[in-house]
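Take a look at the structure below.
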Amino acid sequence: MRSVMVQIPNTPTSADVARLAGVSRATVSYVLNNTSAVRISEATRRRVHEAARELGYVPHAAARSLRAGHSRMVLMPAPAIPVGPLYSRFLSELQGALGRLDYTVVQYGSVGLQGDEAARAWAELRPVAVLVPGAGLGPQGVAVLKRSGARAVVTLGPGRVEGAHALLMDHDTVGHCAGAHLYDRGCRRIGVVMPGESGLEVYARPRLAGVRQALRGTDAAVTELPLAYTEEAAAELAARWPESGLDGVFAYNDEYAMLLMRALQDEGVRIPEDVAVIGADDLMLGRLLRPRLSTVHIELPSGRDLAALVDRAVRNPGGEPEVHTVLGASVIRRESS
């Protein structure tokens, strides 16, 4: 049998970059690892980066981890619930801020895994930090992640988890703002949309509680309105609207508000004359509706501040977990209410 030799191209090394740039391997390491403790001229930095690009050199993540004693990977489990533009903008800002601090953000899809079971899957990747959206992670999961080498575990949700840093998302405030606004507008029979999509109850329930709290002790009544995110479900709800007697509705968010408004208008229900409508998230599309949609503007935590928290925790893994209450909310009144 005739044998064929296949030549495998050599993988460029930091020594190759150093030779082409005319610098030492240590300088290459300092430049490509963004080391701030060593002063290197901009001209030298440019030469190193140009040489790395020309050779197609990519630093070896495992080798960097061995030198540093930990990886530079920040793991973000993909949310198990639908997310909108607001969260996407936050994620983009966070990724940029972590990138500037020389971390690599990896999103992990853990379909079918939840809570501490998911934490064991995340731990296999040996991230230096894990940012966990929503609820479900427990103290045992945090311990598993830390034993695997994670220096920072940060939760973004309604409550604290022992051993983890916490950004507390106060969704009660969102509902309180909406309920108070509708009451001030003169509404006394107020509906609150409860979305049918799986996983959203972790946010919907606190928002409903916030509406109830805003109206406690008043002459207003609150009615829950289960609603699937389909035109058919919205049309069915709109068809029953006259018999409900509702004169105001907090529609959970702008997307559900737009869905419901269209169905109500198709049934001849006038907005805001017959019913005042308010959403949440302050999406651009809400401003393009007629009437323009009133909304609760939500301030998510700064991606830059969260990146700084991750970096502090990585540098000081034995420090006391930080707890920050975030998620500011304020009403933007437009024509729909």
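Quick note: the sequence shown uses our numbering, first residue 1204, plus one each step.
Note that the Cβ used here is the ideal one computed from N, Cα and C, for glycine as well.
First through last residue of the alpha helix (DSSP H) which encompasses residue i
i, result
"Gly1413", "1404–1418"
"Val1251", "1245–1258"
"Thr1376", "1374–1387"
"Pro1336", "That residue, Pro1336, is in no alpha helix (DSSP H); its beta strand (DSSP E) goes 1332–1336."
"Ser1217", "1217–1224"
"Arg1363", "Here Arg1363 belongs to no alpha helix (DSSP H), and DSSP marks it neither H nor E."
"Gln1343", "1342–1350"
"Ser1232", "1228–1235"
"Gly1323", "Per the sequence shown, residue 1323 should be read as Arg rather than Gly. Arg1323 -> alpha helix (DSSP H) spans 1318–1326."
"Glu1435", "1434–1442"
Buried versus exposed call for residue i [16 or more other C-beta atoms within 10 Å across all chains shown]
i, result
"Asp1469", "exposed"
"Asp1387", "exposed"
"Arg1354", "buried"
"Asp1450", "buried"
"Ala1457", "Residue identity differs from the one stated: residue 1457 is Asp in this sequence, not Ala. Label assigned to Asp1457: buried."
"Met1487", "exposed"
"Pro1336", "buried"
"Asp1422", "exposed"
"Val1526", "exposed"
"Leu1491", "exposed"
"Val1209", "Residue confidence is low: Val1209 scores 40 on pLDDT, short of 50, so the model does not pin down where it sits. No coordinate-derived value is stated."
"Val1241", "exposed"
"Asp1309", "Checking the sequence shown, residue 1309 turns out to be Val, not Asp. Exposed."
"Thr1214", "exposed"
"Gly1471", "exposed"
"Ala1271", "Its pLDDT being 49, under 50, Ala1271 is placed unreliably in this model, and the value from its coordinates should be taken loosely. Exposed, since its Cβ has fewer than 16 Cβ neighbours within 10 Å."
"Ile1211", "Confidence at Ile1211 is low in this model, with a pLDDT of 41, below 50, so its placement is unreliable and no value can be given for it."
"Thr1376", "buried"
"Thr1426", "exposed"
"Arg1518", "exposed"
"Pro1280", "buried"
"Gly1521", "exposed"
"Gly1448", "exposed"
"Gly1382", "buried"
"Arg1410", "buried"
"Gly1225", "exposed"
"Gly1191", "Since the first and last residues shown for the chain are 1204 and 1540, residue 1191 lies out of range."
"Gly1413", "buried"
Own chain partners of residue i with C-beta closer than 6 Å, once the 5 adjacent residues on each side are dropped
i, result
"Ser1206", "Residue placement at Ser1206 is poorly supported in this model, since its pLDDT is 46, which falls under 50; the coordinates are not used for a value here."
"Met1204", "With a pLDDT of only 43 at Met1204, under 50, the local geometry of the prediction cannot be trusted, and no value is derived from it."
"Leu1467", "Ala1441"
"Val1231", "Ser1217, Val1220, Ala1221, Val1251"
"Leu1371", "Thr1528"
"Val1201", "An answer regarding residue 1201 cannot be provided, because it is not within the stretch 1204 to 1540 covered by the chain."
"Leu1223", "Ala1254"
"Leu1462", "Ala1437"
"Glu1296", "Gly1506"
"Tyr1260", "Pro1215, Val1220"
"Tyr1306", "Arg1275, Val1277"
"Arg1323", "Val1347"
Own chain residues within Cβ distance below 7 Å of residue i, not counting five before or after
i, result
"Cys1380", "Val1499, Ala1532, Ser1533, Val1534"
"Pro1543", "Past the edges of the chain, shown from 1204 to 1540, lies residue 1543, and the structure says nothing about it."
"Leu1269", "Caution applies to Leu1269, whose pLDDT of 47 falls short of 50 and renders its modelled position unreliable; the value that the coordinates give is listed next. Nothing meets the Cβ criterion."
"Gly1339", "Gln1317, Gly1318"
"Ala1407", "Met1397, Pro1398, Tyr1455"
"Asp1373", "Thr1528, Leu1530"
"Pro1342", "Val1364, Glu1365, Gly1366"
Endpoints, beta strand (DSSP E) assigned at residue i
i, result
"Ser1533", "1531–1535"
"Gly1360", "1355–1360"
"Val1425", "1424–1430"
"Val1149", "This structure gives no information on residue 1149, because the portion of the chain shown stretches from 1204 to 1540."
Residues of its chain near residue i, where Cβ-Cβ distance is below 8 Å and the 5 sequence neighbours each way are ignored
i, result
"Ala1218", "Arg1228"
"Pro1494", "Ile1474, Pro1475, Arg1537, Glu1538, Ser1539"
"Ile1243", "Thr1230, Tyr1233, Val1234"
"Gly1459", "Checking the sequence shown, residue 1459 turns out to be Tyr, not Gly. Cβ neighbours of Tyr1459 beyond the five flanking positions: Val1396, Pro1398, Leu1430, Tyr1432, Gly1482."
"Arg1350", "Ala1326"
"Ala1321", "Pro1280, Ser1313, Gly1339, Leu1340, Gly1344"
Any non-hydrogen atom of the ligand FMN closer than 7 Å to residue i Cβ
i, result
"Pro1280", "The model on display carries no ligand, and the ligand FMN is accordingly not part of it."
**Study point:** Every unbroken beta strand (DSSP E) within the segment 1444–1524, with a cutoff of 3 residues, ordered by chain
**Key:** Within the segment 1444–1524, the complete beta strand (DSSP E) runs of at least 3 residues are 1451–1453, 1479–1483, 1497–1502.
Practice item. Would you be able to state if there are at least three C-beta pairs under 8 Å between the segment 1302–1310 and the segment 1483–1501? Key: no
Review point. Below 8 Å, can you find three or more Cβ-Cβ pairs linking the segment 1412–1427 to the segment 1388–1400?
Key: yes
Exercise for review: Inspect the CB distances between the segment 1491–1509 and the segment 1527–1535 and report whether three or more fall short of 8 Å.
Suggested key: yes
Exercise for review: Give, in chain order, every unbroken run of the beta strand (DSSP E) that is at least 3 residues long and sits entirely within the segment 1275–1308.
Suggested key: Every unbroken stretch of the beta strand (DSSP E) spanning 3 or more residues and falling wholly within the segment 1275–1308 is given here in chain order: 1276–1280.
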